[in-house]
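What follows is a short report on a single structure.
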Amino acid sequence: EMATELQSIIIGRLENMSDEEMKDVEKTTINHLLIELRDFLCMGLEHNIVDEKLESVKLTMALRFLRSSNMKKRLNGINEIKNIIEMTSDSIRRSWQDDEQPRKARWLKPEYLCKWIHENHLLEYLLGESSHIEVIKRSTSVLKFLSHNRQLTKEHLDLLWKSQEDKHEATVLGVYETI
Numbered sequence: 235e236m237a238t239e240l241q242s243i244i245i246g247r248l249e250n251m252s253d254e255e256m257k258d259v260e261k262t263t264i265n266h267l268l269i270e271l272r273d274f275l276c277m278g279l280e281h282n283i284v285d286e287k288l289e290s291v292k293l294t295m296a297l298r299f300l301r302s303s304n305m306k307k308r309l310n311g312i313n314e315i316k317n318i319i320e321m322t323s324d325s326i327r328r329s330w331q332d333d334e335q336p337r338k339a340r341w342l343k344p345e346y347l348c349k350w351i352h353e354n355h356l357l358e359y360l361l362g363e364s365s366h367i368e369v370i371k372r373s374t375s376v377l378k379f380l381s382h383n384r385q386l387t388k389e390h391l392d393l394l395w396k397s398q399e400d401k402h403e404a405t406v407l408g409v410y411e412t413i
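Just so we're aligned: the sequence shown equals residues 235 to 413 in the working numbering.
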């Protein structure tokens, strides 16, 4: 019971951080907190329940970073999404605990991640009006992941193409490199 209550309090706090608080927190701080929380929760809860919740929080926090007004945070967010994609892919496996030690995600599956990408309009955000060249360049992993899982649509490709229209030459070249 105490483990469940602690999980709810800490995860609730993370998920409800204000944008102002998000500016002051580092991605590594959240990752370390989730590692410690997992170790503690696994003493009192079933591992699969803990993994599901913490990997879901990892997605939520990556999206929060990505949607930040601060470019460094946005890049951290897209990099974290790239790491999560690698965790669920058949190729390189990365642990959500340690970027140096490749490992498969415990709960997160490619099907769920594709659904999450669509439900959160991730590509629309990455390639939309407020896109930035560095974010566009790093969105390649999302596009490849969707393609590999047969979830990349013509609308996604149209969105990629439109992201370079009437933009600076560097953005146009970035989109060409992505394609």
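From the three backbone atoms N, C-alpha and C, an ideal C-beta is built for every residue, glycine too. Since the model is a prediction, treat every value here as computed from it, not as a measurement.
When you compare each of the options to residue i by their alpha carbons, which one comes out closest?
i	options	result
glutamate 235	Tyr359, Ile264, Leu279 and Ile244	Leu279
isoleucine 370	Leu393, Lys261 and Val259	Leu393
Under the assumption that residue i contacts residue j (Cβ atoms under 8 Å), give the Cβ distance between them as a whole number of angstroms.
i	j	result
threonine 322	leucine 347	5 Å
lysine 307	isoleucine 245	Actually they are not in contact, since the Cβ atoms of lysine 307 and isoleucine 245 sit about 20 Å apart, beyond 8 Å.
arginine 372	asparagine 313	7 Å
serine 302	methionine 256	6 Å
asparagine 264	methionine 305	In the sequence under discussion, the amino acid at residue 264 is isoleucine, which differs from the asparagine named in the question. At roughly 18 Å, the Cβ-Cβ gap does not stay under 8 Å, so isoleucine 264 and methionine 305 are not in contact.
With respect to the alpha helix (DSSP H) encompassing residue i, which residues constitute its N-terminal and C-terminal limits?
i	result
lysine 307	305 to 322
glutamate 270	261 to 275
glutamate 249	236 to 249
tryptophan 395	388 to 396
arginine 298	281 to 300
glutamate 363	It is not in any alpha helix (DSSP H) - glutamate 363 carries neither H nor E in the DSSP assignment.
leucine 377	374 to 382
leucine 347	344 to 353
Looking at residue i: is its Cβ nearer than 9 Å to the Cβ of residue j?
i	j	result
histidine 266	arginine 340	no
glutamate 345	asparagine 383	yes
lysine 338	valine 376	no
leucine 268	lysine 292	yes
leucine 297	leucine 356	yes
isoleucine 318	leucine 342	yes
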